[in-house]
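These notes are about the structure you will find just below.
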Amino acid sequence: MNRRLSSLLALALLLLLSSGIAGSYTVQAGDTLFRIAQRAGVDVAALQSLNHLSGTGVQVGQVLELPGPVVPVAPTAVQVVAGVTVQVPAHLQMGDAFVLRLSGVRASEAQVQFPSEIGEDVRQPNEMLLPVQVGHDFVVLGRVVLGKQTPLSYRVTVGGETLSGSVPVSGQVAGLQRLNMPPSLTNKLVDPARAAEEAEVERAYLRRTPSVWTQPFAPALTTPPRIATLFGQARTYSSGGPVEYHYGTDYLAPIGTPIHAINDGTVVMVGTYPVRGGLVVIDHGAGLLSMYFHQSKTLVRVGQTVKRGEQIGLVGSTGISNAPHLHLELRVRGEAVQPSEWLGKLLP
Ligand SMILES: [Zn+2]
């Protein structure tokens with residue numbers, strides 16, 4: 001019977017590494033410094049100092065010195081419910097977007113929820129989600145909010161059968177950055193027009209449209225940009241002000257540098273706002289938005305469909321910004337996720 005299938009728990013041990021390579025490790029696709037440190041059983045700071053790294057960015061193919069062997073991990077947990085195979089990451093990190101993958105003839109019938117969102121500071125917690133087809137797979141996009149360190153739980157229902165499970169979450173927030181911005185910038189936080197700005201982005205976060213992208217995500221800036229501030233950085237705008245997370249990645253670029261849509265989508269918000277400055281928001285479907293802040297000029301209008309790589313505006317320094325840069329933000333059902341996890345990939 002199906003019940004026997006549904007109780008079957010199979011772990012796919014797709015080893016990322018051959019075990020026991022003490023001394024060095026070559027960065028693989030999907031790796032982050034946090035994950036490598038976690039698997040090596042050391043903290044990020046130790047890895048940074050051993051490798052003379054100033055930031056947390058790593059690139060595929062980069063060789064890192066390690067104080068010991070990296071422990072092999074199973075990157076994906078596989079379970080079956082009512083003949084539908086469910087794959088989730090074996091571990092997650094705060095700020096991750098991730099994919100719950102469904103396969104089998106009844107995959108499109110599945111309903112997915114993340115009950116651990118109840119009580120978390122997330123928009124639309126525990127929402128009932130239906131899979132969308134991206135490439136050959138049916139998927140549901142998940143999100144792990146910054147600050148979360150408790151396990152993420154999921155529930156998949158197919159017909160009358162339900163499968164539940166959880167994924168451990170780790171991660172840490174980079175040390176506090178104190179911006180000490182002048183009043184001319186912090187005054188924008190209390191601009192009377194800010195309420196309208198926030199209301200408008202919150203409306204965009206509620207959009208649930210079919211997924212429209214079919215290719216990997218592309219960079220927003222074509223020239224290799226320098227990253228000024230990483231996603232997830234904790235910071236204060238003014239001395240004694242509240243600690244806030246940096247919800248995007250800041251790329252330094254001269255004013256007027258062309259900004260490109262990172263993938264196909266529909267423009268759902270364009271304008272100049274007190275905090276985000278010249279802003280374009282693109283809905284890619286499946287609850288995924290990309291947002292481009294601080295533009296000197298926007299070149300698209302609401303309702304327009306854009307293609308991956310199409311120019312949408314120019315880099316500027318409008319809104320709360322102290323130097324010309326692009327702040328690129330990705331949101332899954334309203335929550336900010338690590339932009340670099342999408343670059344060059346169809347899914348995170
Ligand atoms: Zn920023």
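In terms of full-length UniProt numbering, the sequence shown opens at residue 1 and continues consecutively.
Built from N, CA and C at the ideal position, the CB exists for glycine as well.
All figures in this text were calculated on a predicted structure; none of them were measured in a lab.
Cutoff 8 angstroms; reference residue i; Cβ partners in own chain excluding five residues on either side
{"i": "Ser166", "result": "Ser116, Pro151, Leu152, Ser153 and Tyr154"}
{"i": "Val270", "result": "Leu279, Val280, Val281, Thr298, Val300, Arg301 and Val302"}
{"i": "Ile312", "result": "Ile259, His260, Ala261, Val267, Val280, Ile282, Tyr292, Thr298, Leu299, Val300 and Val306"}
{"i": "Gly147", "result": "Met94, Asp121, Val173 and Tyr245"}
{"i": "Asp264", "result": "Val212, Trp213, Thr214, Gln215, His284, Thr305, Val306, Lys307 and Arg308"}
Residue environment, residue i, which counts as buried when at least 16 other CB atoms sit within 10 Å
{"i": "Ala336", "result": "buried"}
{"i": "Gln149", "result": "exposed"}
{"i": "Leu100", "result": "buried"}
{"i": "residue 354", "result": "In this structure the chain extends from 1 to 348, so residue 354 is not present and cannot be described."}
{"i": "Val201", "result": "buried"}
{"i": "Asn180", "result": "exposed"}
{"i": "Ala97", "result": "buried"}
{"i": "His327", "result": "buried"}
{"i": "Lys345", "result": "exposed"}
{"i": "Pro183", "result": "exposed"}
{"i": "Asn187", "result": "exposed"}
{"i": "Val190", "result": "exposed"}
{"i": "Arg331", "result": "buried"}
{"i": "Gln62", "result": "exposed"}
{"i": "Arg143", "result": "buried"}
{"i": "Thr222", "result": "exposed"}
{"i": "Ala199", "result": "exposed"}
{"i": "Arg203", "result": "exposed"}
{"i": "His136", "result": "exposed"}
{"i": "Leu102", "result": "buried"}
{"i": "Arg35", "result": "buried"}
{"i": "Gly119", "result": "exposed"}
Cβ neighbours of residue i in the same chain (closer than 6 angstroms, five flanking residues each side left out)
{"i": "residue 374", "result": "Nothing about residue 374 can be read from this structure; the chain reaches only from 1 to 348."}
{"i": "Gln177", "result": "Gln233 and Arg235"}
{"i": "Met291", "result": "Val281 and Glu329"}
{"i": "His91", "result": "Pro168"}
{"i": "Val140", "result": "Leu100, Val112, Leu129 and Pro131"}
{"i": "Val156", "result": "Val81, Val86, Ala110, Val112 and Leu163"}
Residue i in three-state terms, based on DSSP
{"i": "Pro125", "result": "coil"}
{"i": "Val144", "result": "coil"}
{"i": "Leu230", "result": "coil"}
{"i": "Leu288", "result": "strand"}
{"i": "Pro183", "result": "helix"}
{"i": "Phe98", "result": "strand"}
{"i": "Ala110", "result": "coil"}
{"i": "Ser18", "result": "Confidence at Ser18 is low in this model, with a pLDDT of 31, below 50, so the placement of that residue should be treated as unreliable; the coordinate-derived value is given next. The answer is coil: DSSP assigns Ser18 none of H, G, I, E or B."}
{"i": "Glu341", "result": "helix"}
{"i": "Lys307", "result": "coil"}
{"i": "Ala196", "result": "helix"}
{"i": "Leu176", "result": "coil"}
{"i": "Val58", "result": "coil"}
{"i": "Ser296", "result": "coil"}
{"i": "Ser317", "result": "coil"}
{"i": "residue 353", "result": "The requested residue 353 does not occur in the structure, where the chain is confined to residues 1 to 348."}
{"i": "Leu92", "result": "strand"}
Residues near residue i by beta carbon distance below 7 angstroms, same chain, minus five either side
{"i": "Thr209", "result": "Asp283 and Gly285"}
{"i": "Gly277", "result": "Phe293, His294, Gln295, Gly316, Thr318, Gly319 and Ser321"}
{"i": "Ser18", "result": "The pLDDT assigned to Ser18 is 31, lower than 50, so where the model puts this residue is not dependable, and the model offers no usable value."}
{"i": "Phe114", "result": "Asn126, Gly142, Leu152, Ser153 and Tyr154"}
Residue i - partner residues in DSSP beta bridges
{"i": "residue 349", "result": "Missing from the structure shown is residue 349; the chain here goes from 1 to 348 and no further."}
{"i": "Ala46", "result": "DSSP lists no partner for Ala46."}
{"i": "Arg276", "result": "Arg276 is not bridged to any residue."}
{"i": "Glu161", "result": "Val158"}
{"i": "Leu152", "result": "Val167"}
Cβ of residue i within 8 angstroms of any chain D Cβ
{"i": "Gly277", "result": "In the displayed structure, chain D is absent; only one protein chain is listed."}
| said: I'd like the ranges of any beta strand (DSSP E) spanning at least 3 consecutive residues and lying wholly in the region 198-261. | reply: Taking only runs of at least 3 residues, the beta strand (DSSP E) segments lying wholly in the region 198-261 are 226-229, 234-236, 249-252 and 258-260.
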